[in-house]
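Residue numbers (our numbering), protein chains in the order written: chain A, 1 to 290; chain B, 291 to 538; chain C, 539 to 851. Just so you know, even glycine gets a beta-carbon here, dropped at the ideal spot from N, CA and C. Beneath this line is the structure, given in C-alpha cells, with notes to follow.
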Amino acid sequence: MDTQLILFNGFNGLIVGAFYVLMALGLSLILNLSGVINFAHGGFLAVGGYLAYTLTPYIGFWPSLLVAPTLTAILGVVIERTMVRRLYGRDPLYSLLLTFGLAFIFEDMTRAIWGAQGVPFAPPEYLSQPISLDLFFVTYYRLFMMAVVFIAVLALFMFLRYTRIGVRIRAGTLDLETVSALGVNVRALRTLNFAVGIFLAGLAGVLAGGNLSLEPTMGANVLMPSFVAIIVGGVGSLPGTLVGGLLIGVAAGLTSVWFPSASEAVIYVIMAVVLLVRPRGLMGEEGVMT
Amino acid sequence: MSLLDVNNVTKAFGSLVAVRNVSLSIEPGELRAIIGPNGAGKTTFFNLISGLFPPTEGTISFDGTDVTQLPPQRRVVLGMARTFQITEIFPELSIAENVRIGVEVAGGYRLRPWIRKAENAAIQERVAEILELTQLAAKAGRTVGELSHGDQRAAEISMALTLKPRILLLDEPTAGMGDQETYEVTALIKRLHREGYTIALIEHDMRVVFNLADRILVLDQGSPLAQGTPQEISTNEAVQAAYLGKTA
Amino acid sequence: MKLRPDIVGISLILVLAPFWLPLVHGYEALGTRVLVLGLAAMSLNFLLGFTGVLSFGHAAYFGLGAYGCGFALKYLAPSTPLAILCGMLLGTIAGALLGALIVRRRGVYFAMVTIAFGQVFYFIAFRWNTLTGGDDGLRGFSRQPIDLGFTTINIADNLTALYYFVLVCFAIAVGLMGLLLRSPFGRTLLAIRENERRARFLGLPIEQHIWLSFVISCAFMSMAGALYALLNNFADPKGLHYTQSGDFVIMAVLGGMRSFWGPLLGAAVFVVLQDSLSSMTTNWQSWIGVMFVIVVLFFPRGLLGFLRRKSQA
C-alpha cells in the first residue's frame, strides 16, 4: 500500500476529526448543562462561516476569525433567551423539535442571503502553500487550522477548570439542583454556556469555510458525525467527546483508503461496537444521563 | 428462621460510608419501624433491602433465599414490595387503572395482547377488593395526579398490595403530610397490620412510630444505635442523646 | 361491543374521502398520502406517546419498508402483498436488532442514538448504487393488481382502488395498535410512560417491554413505508433521512401525542400545509421550520390537546 496515500487520508481524517471535535464539544457543553440536543448547531456553524466571508473584505481575515464566531454567539444568545430557555426542564422532545425547526430556518436563510451555490472563501495566500512537494496535502492553512483547534480546545478546558464560571458549569453538569441551591444564577450560567458552545460552532464554520468552501448545508453534514463523537466518547464527558471526535475522523479518513464508499458508514459501526462493548461510551461515567 | 434477614450490611459510596454493619431480622406478621436523625442512612438501608443497589458488604436473605445481588424486579416476584418517600404512581391514570396494572402484572398477564371475559372479571374483582381495603373505592375513577397527598399515598400502597407482598416496605409513608392525612395513613397501616401483613417502615414522625411499631431499630450516622420495643427505645439513653444532640 | 363515536366519525370521513376531497380542491393521491404518513405518525406515536420513549430515527424503518417493498417487486416476484410483507420484514428485523442495542438508554441519550443509527441506513441506500439506485432512489418497479381469486383489484392504474386498498391496510394496522393499547400488555407500556420506577417495582422487566414496543412500532412503520413505495412506485433515500424522522415526530406532536388519533390529524395538516407551501414559495422549508417553532412554543399538547383543554375551560 502506498504510504503517501495512507498519510494523505489519515491527515485528512485528522482535519475532519478536528472539526467534529469543535462541533461536538459545543454540542456536548449545551447537552450536559441544559439537556438540550441542539439540532441547529450546524446552522450556527454555517452562519459563522458566511459571516467571516462577508466581513473579510472589510476587516481582513485575522479579525474575522474572532469577530464572526462572536457575532454567531450573540445570535445564539438571542435565540437562547427568546426560545430555548422556555423549554428547560420540559421533555427533551420539545427542545429537540425547536432546534430542528430552527435548523430548517437557518439553512433557508443562509441560502436566501448568500445563495444556494457554494462560495469560495480563501484564506490569505501565504497560508495556502504546501509545506513540501511530497506532502502536497499538508498546507500551512491546514496546520494553522489544527493549531487554532488545539488552542480553542485548550482554552475551553482551562476555562472550565480554572475560572469560577467554568467550575460552576462543570458542577452544574453533575448536580444542577445543588448548584442552584448554593445561590448560583443558573439562568445566566446556561445562557453563557450556550454562547460558548455556539462560539465554537462559529469558529468551526470559519475554519471549514477556508478549508473547503461555504455551502448552506455544510453544518448539517457535520452534525451527525458530531453526535456519534459524543456517543462514542461517552455522554457527559468532554474529554470523551474530544477523543471520540478525533477517533471517528481518523477512522473515516483511513477507511477511505481501502473502502471509499464505506467511509461514512464506518463511524456508525464504531458507535455500534462501543455501545455493545461499553454502553456508556469510552470515557463516560456509569449512571450519567443514561 | 425469620422472614427477612439482613446480615451485617455495609454500603459505601466512594469514601462515604452511608450504612455500616447493620443487621435486622423481621418475623412474619411483625411491624418494624426504622428511625434515626436526618442522614442516619435509613433510606440507603431501605434501598439495599429493596434492591436499588447491592451492598458493599454483608448479605440479605428473604424467606431463606439469598437476594443480596438480585435486582428489584426479582425481589418483587419473591414478595418484597415497597413505596417511596416521594410517591411513585402513574399520575395521568385513574386509581382503578393504577391498581389494575399492578394486578395484571402480578397475575402474569403482562405480555398478553388480549384478555378473556372471565379473567377480566377476576381482575376487576381483585382491584375492587384492594380498593376496599385501602378505602379508595369511592374515588376509583379519579385521576391520581389530581388527588390529595394522603390519597396518593394510599394509591401507592394499593399498588404495592397488588403484588400480594409478604413484606411491605414503606419509606416515610407520612412524609410532608398534615395532621389529618397523617392520621388517615397511620390508620391504613394499622389496618394492614391487623390483616396480617408484615411491614417495615421508615418514619420521621415519632407519634406515628410509637403508635404503630412492634419493635424499633434506631440508626445513627449509618450505624445501629439501639433495637427494641417502643417502651425500651423511649427510655434508651443513647437514643435520647443522639436525638437531643442533633436538635440542640 | 359498543360503537365508539370517534371511530364511527373517522371511518365515515375516511371511507367517503374520494367523494368529498374534490369538493375542497383535494385529490385522491393527497388523501392516500395522508393515510400513509398518518399510519407512520401513529406507529411512531405508539412508542412516543404511549410508551414515553423518544425515538428520533424512525424514518429509517419507514425507508427500509419502502426499499424492502421495492426490492421484492423488482427482484423477487410481481406481487403486491408479498412486497408489503418483505418491506415489513426488513424494517422489523432491523428494528429488533438495533432496538436490542439501545433499549437500555434513556431520554436524550436514547434520542441521539436512534438518530445516529437511523443515518446508517440512509448512507447504505445512498452509497450502494448497484442495489439501491443511490441518490436517485430505487426505480423500475410498479405496484401490481391484487388477485383475490374471484376478482382482481386494479390498484395499478385506478387511483380510487389504490386509496381503498391503502385504507384497508391502514384500518388493519391501526385496529391492531388500538387493540394492543387496550390490552394488559398495552397498559404496561402506559405504566412505563407514566413512571418507570414504579413500573419496575411492580415487577415489570422494563427493557423487555420497551424493546417489544419498539419492534411493534417499527413493524407498522415499515408497513407505512412499503405502502409509500407502492404509492409512488419509487423508494427515496430521503425517506430514510433524519429530517424525515423529524417530520414524523412533529406530525405526532402537532396532532397531539397523548391521543390515539392525534398523529393522523397532525399528518393531514402537515401534508396539506407542505403541499400548498411548496406550490407557493421556494422557501417553504423555512415555513415548515416556523411551524415547528410555533407548535413547540405555543401548542405543545397538539391540536387535539389544545381543543380538549379549550372545551374543559
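Proximity to residue i [Cα-Cα], best of the options
i, options, result
"R711(C)", "P683(C), T670(C) and G763(C)", "First, the residue type needs correcting, since residue 711(C) is Ala and not Arg in the sequence shown. Nearest of P683(C), T670(C) and G763(C) to A711(C), Cα basis: G763(C)."
"G800(C)", "M829(C), V553(C), L568(C) and L586(C)", "L586(C)"
"R681(C)", "G671(C), I693(C) and G672(C)", "I693(C)"
"A308(B)", "N337(B), L314(B), R322(B) and R402(B)", "N337(B)"
"R310(B)", "M467(B), L360(B), D510(B) and N526(B)", "D510(B)"
"L718(C)", "I405(B), D356(B), E422(B) and P514(B)", "I405(B)"
"T781(C)", "R731(C), A598(C), D544(C) and G687(C)", "A598(C)"
"N328(B)", "P381(B), V508(B) and T525(B)", "V508(B)"
"S28(A)", "I231(A), W258(A), A171(A) and I267(A)", "I231(A)"
"L282(A)", "V243(A), I37(A), F61(A) and W114(A)", "V243(A)"
"T70(A)", "L246(A), A204(A), L254(A) and L174(A)", "A204(A)"
"S34(A)", "F121(A), L212(A) and I169(A)", "I169(A)"
Range of the contiguous alpha helix (DSSP H) that encloses residue i
i, result
"S292(B)", "Neither: S292(B) is in no alpha helix (DSSP H) and is coded neither H nor E."
"E347(B)", "E347(B) -> not in any alpha helix (DSSP H); beta strand (DSSP E) instead, spanning E347 to F352."
"D469(B)", "D469 to R484"
"R81(A)", "F61 to T82"
"L718(C)", "L697 to L719"
"N821(C)", "Segment: none, N821(C) is in no alpha helix (DSSP H) and carries neither H nor E."
"S755(C)", "I744 to N770"
"T373(B)", "Segment M370 to T373 is the beta strand (DSSP E) holding T373(B); no alpha helix (DSSP H) there."
Contact set between residue i and chain C, taken where Cβ atoms lie within less than 8 Å
i, result
"P520(B)", "Here the premise fails: no neighbours, minimum Cβ distance about 29 Å."
"S261(A)", "R665 and W666"
Residue i at chain C interface by Cβ criterion, 9 Å
i, result
"I231(A)", "yes"
"D175(A)", "no"
"T349(B)", "no"
"F352(B)", "no"
"G331(B)", "no"
"F19(A)", "no"
"D108(A)", "yes"
"S384(B)", "no"
"S292(B)", "no"
"T290(A)", "Only weak support exists for where T290(A) lies, its pLDDT of 37 falling under 50; the coordinates are left without a value."
"P92(A)", "yes"
"I37(A)", "yes"
"T537(B)", "In this prediction, T537(B) scores a pLDDT of 47, lower than 50, which makes its location untrustworthy; no coordinate-derived value is stated."
"A251(A)", "no"
"I405(B)", "yes"
CB contact below 9 Å: residue i versus chain B
i, result
"F844(C)", "no"
"R735(C)", "yes"
"P838(C)", "no"
"E566(C)", "no"
"R725(C)", "yes"
"F739(C)", "yes"
"H747(C)", "yes"
Contacts of residue i in chain A (Cβ-Cβ under 8 Å)
i, result
"F594(C)", "L96"
Neighbour flag for residue i against chain A, beta carbons, 9 Å
i, result
"G713(C)", "no"
"S814(C)", "no"
"R665(C)", "yes"
Listed by chain order, chain A residues near residue i by CB distance under 7 Å
i, result
"F655(C)", "Y268"
Extent of the continuous beta strand (DSSP E) to which residue i belongs
i, result
"V508(B)", "R505 to D510"
Proximal chain B residues relative to residue i, where beta-carbon distance stays under 9 Å
i, result
"T589(C)", "Neighbours of T589(C) on chain B: none; closest Cβ ~13 Å, over 9 Å."
Contacts of residue i in chain B (Cβ-Cβ under 8 Å)
i, result
"L586(C)", "Per Cβ cutoff of 8 Å: no residues; L586(C) is ~15 Å from chain B at best."
Closer than 7 Å at the beta carbon, the chain C residues around residue i
i, result
"P63(A)", "Correct list: empty, because the minimum Cβ distance to chain C is about 31 Å."
"Y399(B)", "P722"
Neighbour list for residue i in chain B, Cβ cutoff strictly below 7 Å
i, result
"E732(C)", "F380, P381, E382 and L383"
Interface partners of residue i on chain C, CB under 9 Å
i, result
"G101(A)", "G784, I788, I826, G827, V828, M829, F830, V831, I832, V833 and V834"
"R402(B)", "S721, P722 and F723"
(request) Say whether the stretch 714-727 of chain C touches the stretch 745-762 of chain C, bearing in mind that this needs 3 or more beta-carbon pairs closer than 8 Å, one atom from each stretch. (result) yes
(request) Mind the definition here: the stretch 347-356 of chain B touches the stretch 297-305 of chain B only if three or more C-beta pairs lie below 8 Å; say whether that holds. (result) yes
(message) Which residues of the stretch 628-652 of chain C have a Cβ closer than 8 Å to any Cβ of chain D? Give them in chain order.
(response) Within the model displayed, chain D is absent; protein chains A, B and C are what it includes.
(request) Decide if the stretch 776-796 of chain C is in contact with the stretch 618-628 of chain C; the criterion is three or more beta carbon pairs, one per stretch, under 8 Å apart. (result) no
(request) Decide yes or no for the touch test of the stretch 32-41 of chain A against the stretch 266-274 of chain A: beta carbon pairs closer than 8 Å, at least 3 of them. (result) no
(request) Take every Cβ of the stretch 384-397 of chain B, pair it with every Cβ of the stretch 432-448 of chain B, and state whether three or more of those distances are shorter than 8 Å. (result) yes
(request) Kindly confirm or deny that the stretch 309-326 of chain B and the stretch 497-506 of chain B touch, where touching means at least three C-beta pairs closer than 8 Å. (result) yes
(request) Check whether the stretch 53-60 of chain A touches the stretch 246-266 of chain A, counting contact only when three or more Cβ pairs, one atom from each stretch, lie closer than 8 Å. (result) no
(message) Counting beta carbon pairs with one atom in the stretch 604-611 of chain C and one in the stretch 675-691 of chain C, are three or more of them shorter than 8 Å?
(response) yes
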